[in-house]
């Protein structure tokens with residue numbers, strides 16, 4: 014059972030413009046973006062979430078956090094509470110709204126099944142996050158979790174009038190935000206009870222969750238009086254109903270630095286896919302979206318040809334022979350798994366250890382950027398993917414498997430800096 018609790022948040026002081034203080038989570042911030050965020054305010058959360066380079070960067074961030082607290086830039090909330098973060102954003106010409114319950118969740122190992130991952134992580138980011146958490150003893154950005162809610166019970170609790178508005182602000186990204194707080198302890202108890210039987214699926218933040226687990230184990234190993242109630246036993250989360258109409262999944266396209274010659278790669282793919290040349294990127298993306306409703310469909314661009322290629326799956330059994338032997342059946346229809354094992358490893362001929370090399374595989378959500386980087390010679394291939402469905406994400410997690418890294422991009426991200434989980438406030 015999931016144990017969901019209110020927490021005493023560390024928050025930016027009233028009167029400060031939260032729109033200039035929040036930032037995206039660390040893994041989507043490019044160098045130029047970080048500089049732009051820093052210029053918004055000397056107190057922007059990016060100074061803590063992504064403190065730059067240098068061996069002393071974690072200690073610099075810890076010193077900065079202490080100074081902000083001493084100067085009253087960050088202040089503790091009066092008492093533990095649940096919070097509600099509403100994000101309004103444009104997507105495909107219409108306004109969407111998504112609501113997230115901001116809380117702390119008891120950490121459980123993956124094998125317990127209470128909290129379930131859906132994709133593999135990369136080792137480097139996890140080590141970076143652990144160094145940062147050790148220094149700050151504060152969780153800056155929340156893990157994004159999904160809750161199955163077919164009857165709408167979770168959504169009705171988050172629409173309750175008992176939530177009191179705390180702040181309304183416009184973000185750096187053009188989104189509108191509303192932060193609310195639930196001071197009613199009875200309603201808070203109802204939420205805990207209603208959500209306890211539900212499984213939590215990690216949508217975004219696998220690195221942060223595993224970092225919190227690792228940090229808890231470090232602390233427990235060095236504490237002879239461990240009770241299980243220490244603040245390190247919990248992680249900051251934003252929980253969203255899986256059926257929320259504001260859930261948007263974007264594709265993450267692959268860039269490959271080198272691989273087999275195009276003619277050989279197409280030959281290896283020919284028995285499994287119908288191959289069709291397409292004159293333009295908009296046409297390719299349109300065909301991918303339409304074909305992808307029925308069969309696994311990918312797009313391919315190569316620095317060796319001006320053509321673009323539509324790959325429509327013909328032989329799922331042949332694909333199964335290339336996938337890992339213990340892969341679940343659903344992987345035949347999972348774009349990221351087919352792209353990784355069938356195209357990158359099999360057709361392009363990369364070895365698993367090569368894929369892990371820095372700079373070998375790039376990930377971008379903008380298909381135009383992916384194509385431009387191939388045409389500029391920065392990468393040899395671009396692989397275009399359709400986004401997975403939320404039901405696919407949960408089915409893979411339920412089967413006990415994980416998608417390849419960077420398989421999902423839940424849009425928009427939950428920002429860092431709206432609420433901080435400072436471990437010393439719960440001690």
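In our numbering, the protein residues as written are 14 to 440.
Each residue gets a CB set at the ideal place from its N, CA and C atoms; glycine is no exception.
{"Item": "Local conformation of residue 332 per DSSP, three classes", "Value": "helix"}
{"Item": "Helix, strand or coil at residue 442 according to DSSP, with G and I counted as helix", "Value": "Absent from the model: residue 442. The displayed extent of the chain is 14 to 440, so no value can be given."}
{"Item": "Extent of the continuous alpha helix (DSSP H) run through residue 254", "Value": "Careful: residue 254 lies outside any alpha helix (DSSP H), inside the beta strand (DSSP E) at 247-254."}
{"Item": "Distance CB(residue 436)-CB(residue 245) smaller than 8 angstroms", "Value": "yes"}
{"Item": "Residue 26 vs residue 74 beta-carbon contact at 8 angstroms", "Value": "no"}
{"Item": "Collapsed DSSP secondary structure at residue 122 in the structure displayed", "Value": "coil"}
{"Item": "Sequence-distant residues of the same chain with beta carbon closer than 6 angstroms to residue 321, five excluded per side", "Value": "291, 297 and 314"}
{"Item": "Residue 190 vs residue 99 beta-carbon contact at 8 angstroms", "Value": "yes"}
{"Item": "Nearest-angstrom Cβ-Cβ length linking residue 153 and residue 266, presumed shorter than 8 angstroms", "Value": "The Cβ separation is near 28 angstroms, so there is no contact."}
{"Item": "Continuous beta strand (DSSP E) assignments of at least 3 residues falling wholly in the stretch 135-183", "Value": "156-160 and 177-183"}
{"Item": "Cβ distance (whole Å) where residue 219 is taken to contact residue 130 below 8 angstroms", "Value": "5 angstroms"}
{"Item": "Entirely enclosed beta strand (DSSP E) segments - the stretch 174-232, minimum 3 residues", "Value": "177-183, 189-195 and 213-217"}
{"Item": "Other residues of its chain near residue 93: CB distance less than 6 angstroms, five sequence neighbours each side excluded", "Value": "19, 20 and 21"}
{"Item": "Residues bridged to residue 100 [DSSP beta-bridge criterion]", "Value": "111 and 190"}
{"Item": "Beta-carbon gap between residue 227 and residue 170 smaller than 8 angstroms", "Value": "no"}
{"Item": "Simplified DSSP assignment, three categories, for residue 420", "Value": "coil"}
{"Item": "Buried or exposed (CB count within 10 angstroms, at least 16 for buried), residue 28", "Value": "exposed"}
{"Item": "Residue 168 beta carbon less than 8 angstroms from that of residue 97", "Value": "no"}
{"Item": "Contact between the stretch 196-209 and the stretch 36-44 (3+ Cβ pairs under 8 angstroms)", "Value": "no"}
{"Item": "Paired residues, beta bridge with residue 25 - DSSP", "Value": "87"}
{"Item": "Between the CA atoms of residue 250 and residue 261 - distance to the nearest angstrom", "Value": "18 angstroms"}
{"Item": "Touch test, the stretch 268-279 against the stretch 385-402, Cβ-Cβ under 8 angstroms, three pairs minimum", "Value": "yes"}
{"Item": "CA nearest to the CA of residue 339, picked from 414, 399 and 430", "Value": "414"}
{"Item": "Distance, residue 117 Cα to residue 247 Cα", "Value": "6 angstroms"}
{"Item": "Extent of the continuous alpha helix (DSSP H) to which residue 277 belongs", "Value": "275-283"}
{"Item": "Neighbourhood of residue 420 by C-beta, 6 angstroms cutoff - its chain only, sequence neighbours within 5 removed", "Value": "132 and 349"}
{"Item": "Whether residue 333 touches residue 308 by CB criterion (8 angstroms)", "Value": "no"}
{"Item": "Residue 414, DSSP secondary structure in three states", "Value": "coil"}
{"Item": "Nearest residue (CA-CA) to residue 433, options 24, 113 and 14", "Value": "24"}
{"Item": "Same chain, Cβ closer than 7 angstroms to residue 484, neighbours up to 5 away in sequence not counted", "Value": "In this structure the chain extends from 14 to 440, so residue 484 is not present and cannot be described."}
{"Item": "Endpoints, the beta strand (DSSP E) within which residue 266 is located", "Value": "266-269"}
{"Item": "Span of the alpha helix (DSSP H) around residue 347", "Value": "Counting along the chain, residue 347 falls outside any alpha helix (DSSP H), and DSSP gives it neither H nor E."}
{"Item": "Residue of 398, 60, 240 and 256 minimising C-alpha distance to residue 294", "Value": "398"}
{"Item": "Where residue 32 falls: helix, strand or coil (DSSP)", "Value": "helix"}
{"Item": "Chain B within 8 angstroms of residue 256, Cβ atoms only", "Value": "Checking the listed chains, one finds no chain B in this structure; it contains a single protein chain."}
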